[in-house]
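In our numbering, the protein residues as written are 253 to 471.
And the structure:
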């Protein structure tokens, strides 16, 4: 919270005094948007009003409010990345070495691939959106000289169901994962908010920032 809230304000206070600042790039997340349903949504889609017990989302929403406060004082461009995936974690055998329980589960059940375990939660036709790290970094760099001040951009990639995502990862890795799916009723029973659809349209970033959208089928 201190980084996303107080940290954002401290940086902006310092930037207000700058006479040479041309663009300030703020990195948010698509998680601040309302659930999308199955239709791809763009930057006009409404934001959440609160984080629904998700501290990360809550602090990102707080930071956005601060950004809006300073929008007339500094040249802000806001970027909303979706789920970020490193292609090396999919095509190689690189696993997270930190031995906390979360990473142990990710390595044992999901083969160390980001998103596999989360894709086992809830409905198999739930839609997720992901962007490859190299595409994200390229678009972020382009935003520093191509982005329009005062504008915002969703930096997403492929929209895919959780079932299809797991199938594609299995194809790429050449192995099968445990056929586990945790139903919605169980998530609610143990007081875990079920993940919702995250289906996004990044065409604005494609046209203005040169965002490249890679797909799992490319691998």
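Ideal Cβ placement from N, Cα and C applies to all residues, glycine included.
Quick caveat: nothing in here was measured; it's all calculated off a predicted structure.
- prompt: What's the gap between the Cα of residue 384 and the Cα of residue 289?
  reply: 22 angstroms
Rounded straight-line distance, which links the Cα of residue 425 to that of residue 286: 33 angstroms
task: Taking 8 angstroms as the threshold, find out whether the stretch 273-281 comes into contact with the stretch 393-409 through three or more Cβ pairs.
output: They touch, by the three-pair rule.
query: Is residue 368 helix, strand or coil when you go by DSSP?
result: coil
query: Taking Cβ positions, are residue 402 and residue 328 nearer each other than 8 angstroms?
result: yes
- prompt: Do you know offhand how far residue 320's Cα is from residue 436's?
  reply: 36 angstroms
- prompt: According to DSSP, is residue 388 helix, strand or coil?
  reply: helix
- request: With a 10 Å radius around its C-beta and 16 neighbouring C-beta atoms as the bar for buried, classify residue 432 as buried or exposed.
  value: exposed
Those residues which DSSP pairs with residue 383 across a bridge: 336
task: Run the CB neighbour count on residue 389, radius 10 Å, all protein chains shown included, and call it buried at 16 or more, exposed below.
output: Taking all protein chains in view, the Cβ of residue 389 is surrounded by fewer than 16 other Cβ atoms within 10 Å, so the residue is classified as exposed.
query: Based on Cα-Cα distance, which residue from 445, 467 and 449 lies nearest to residue 293?
result: The shortest C-alpha separation from residue 293 is found at 449.
- prompt: In terms of residues, what are the limits of the beta strand (DSSP E) holding residue 474?
  reply: In the structure as shown, the chain begins at 253 and stops at 471. Residue 474 is therefore absent and cannot be evaluated.
- prompt: Within this structure, are the beta carbons of residue 428 and residue 422 separated by less than 8 angstroms?
  reply: yes
query: If you drop the 5 nearest sequence neighbours on each side, which residues of the same chain put their C-beta closer than 8 angstroms to that of residue 302?
result: 310 and 313
For residue 326, the three-state DSSP class (helix, strand or coil): coil
query: According to DSSP, is residue 331 helix, strand or coil?
result: strand
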